[in-house]
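> In terms of our numbering, the sequence shown opens at residue 307 and continues consecutively.
Even glycine gets a Cβ: it sits at the ideal position worked out from N, Cα and C.
No experiment lies behind these values; they were computed from the predicted model shown.
The structure that follows is given in the form of structure tokens.
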Amino acid sequence: MTQTSTGGIAIISDIHSNIDALGAVLTDITAQRCFAIFCLGDTIGYGAEPAACVKLMREFAAINLMGNHEAMYLATTPLAKNRVLRKELGDLWPPLAIAHRQIAEDDAKWIGGLPLVVPVAEMMLVHGSLHEPPTFGYIINKSLAREHFAEQTTQVSFFGHTHIPAIWEEQGKQTAAHTPGDKPTGLDPDCRYAIGVGSVGQPRDDDPRACYVIYKPGDESVEFRRVAYDIKKAQARHAKAGLPKFDSERLTSGK
Numbered sequence: 307m308t309q310t311s312t313g314g315i316a317i318i319s320d321i322h323s324n325i326d327a328l329g330a331v332l333t334d335i336t337a338q339r340c341f342a343i344f345c346l347g348d349t350i351g352y353g354a355e356p357a358a359c360v361k362l363m364r365e366f367a368a369i370n371l372m373g374n375h376e377a378m379y380l381a382t383t384p385l386a387k388n389r390v391l392r393k394e395l396g397d398l399w400p401p402l403a404i405a406h407r408q409i410a411e412d413d414a415k416w417i418g419g420l421p422l423v424v425p426v427a428e429m430m431l432v433h434g435s436l437h438e439p440p441t442f443g444y445i446i447n448k449s450l451a452r453e454h455f456a457e458q459t460t461q462v463s464f465f466g467h468t469h470i471p472a473i474w475e476e477q478g479k480q481t482a483a484h485t486p487g488d489k490p491t492g493l494d495p496d497c498r499y500a501i502g503v504g505s506v507g508q509p510r511d512d513d514p515r516a517c518y519v520i521y522k523p524g525d526e527s528v529e530f531r532r533v534a535y536d537i538k539k540a541q542a543r544h545a546k547a548g549l550p551k552f553d554s555e556r557l558t559s560g561k
């Protein structure tokens, strides 16, 4: 993929406790001279290093959002109002158990205060869909995209959750999906956009490299960047932590 962008806002999501992928992405963000980082949630879950990833996002991200894995983490605390039991979560529980062991009290309180939606100038940030954000809906077809656009009050919004890079475009009553290309994509001022930023730590579009977006408000463009990292090292962390093999294997396939 062509790697040309400099400056702009780095928008990342779905790190999923993958410290190796996150480290590579932060290095790339620095090289691209981005002036801010926004994180759309799911910093924890699936992987072996939730506490380290949380600390990096607290330090480097200007904005952090609540993802469904943060919500599950909060719901599995002993004093949670609507407590979720571990037996209800299946393979989602082991990485959350690690999060409960690793994450310090101050960081846990920080997670509890994360917002679901953040409007910033001409953009809106959300983990899933703007349609009923607490339900963490997916934007994976035209019908769901229209529900999202119905709540969008800006020209552009950014979301994560699907782990798949996507560009949804609304022009009048028409909604269309576009596959991100290798070069920066210009945004038509006569259209509205919902940009799926992909996943740093668990990509699922057949490309195992970490993915994030650089948004340039000045020239109205987005660039999807793919960053290689040491997947075997990440998988070794999974194995050492005793995490489900499936989540480790999908790092190689990007599915």
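From the DSSP output, in three-state form, read off residue 310 for me.
Low confidence applies to residue 310: its pLDDT is 46, below 50, so where it sits in the model is not reliable, and the reading given next is rough at best. It is coil, neither helix nor strand.
> So which of 316, 422, 394 and 509 has the shortest CA-CA distance to residue 435?
422
> Below 7 Å CB to CB, which residues in the same chain sit around residue 399 once its five sequence neighbours on both sides are set aside?
Excluding residues up to 5 positions away in sequence, 392 lie with their Cβ nearer than 7 Å to the Cβ of residue 399 in the same chain.
> Three or more C-beta pairs closer than 8 Å, one from the region 408–422 and one from the region 453–464: is that the case here?
no
> With a CB to CB cut of under 8 Å and the five nearest residues on each side skipped, what residues in its chain are close to residue 556?
Within the same chain, residue 556 has close Cβ partners 508 and 510.
> Residues in the same chain with beta-carbon distance under 7 Å from residue 482, minus the five sequence neighbours each way, listed in chain order, please.
Same-chain partners within the cutoff: 475.
> Taking only three categories from DSSP, how would you classify residue 372?
coil
> Quick check on DSSP: helix, strand or coil for residue 538?
helix
> What is the rounded straight-line gap between the Cα of residue 348 and the Cα of residue 376?
6 Å
> Could you tell me which of 407, 396 and 464 sits nearest to residue 426, measuring between CA atoms?
464
> Return the CA-CA distance between residue 381 and residue 489, expressed in angstroms with no decimal places.
A straight-line Cα-Cα distance of about 41 Å links residue 381 and residue 489.
> Just to confirm before moving on: does the CB-CB distance between residue 506 and residue 320 stay below 8 Å?
yes
> Looking at the structure shown, is residue 506 part of a helix, part of a strand, or coil, going by DSSP?
Residue state for residue 506 is assigned as coil, using DSSP reduced to three classes.
> In whole angstroms, give me the CA-to-CA distance for residue 494 and residue 314.
Residue 494 and residue 314 have their C-alpha atoms some 18 Å from each other.
> Please report how far the alpha carbon of residue 410 lies from the alpha carbon of residue 526, in whole angstroms.
39 Å
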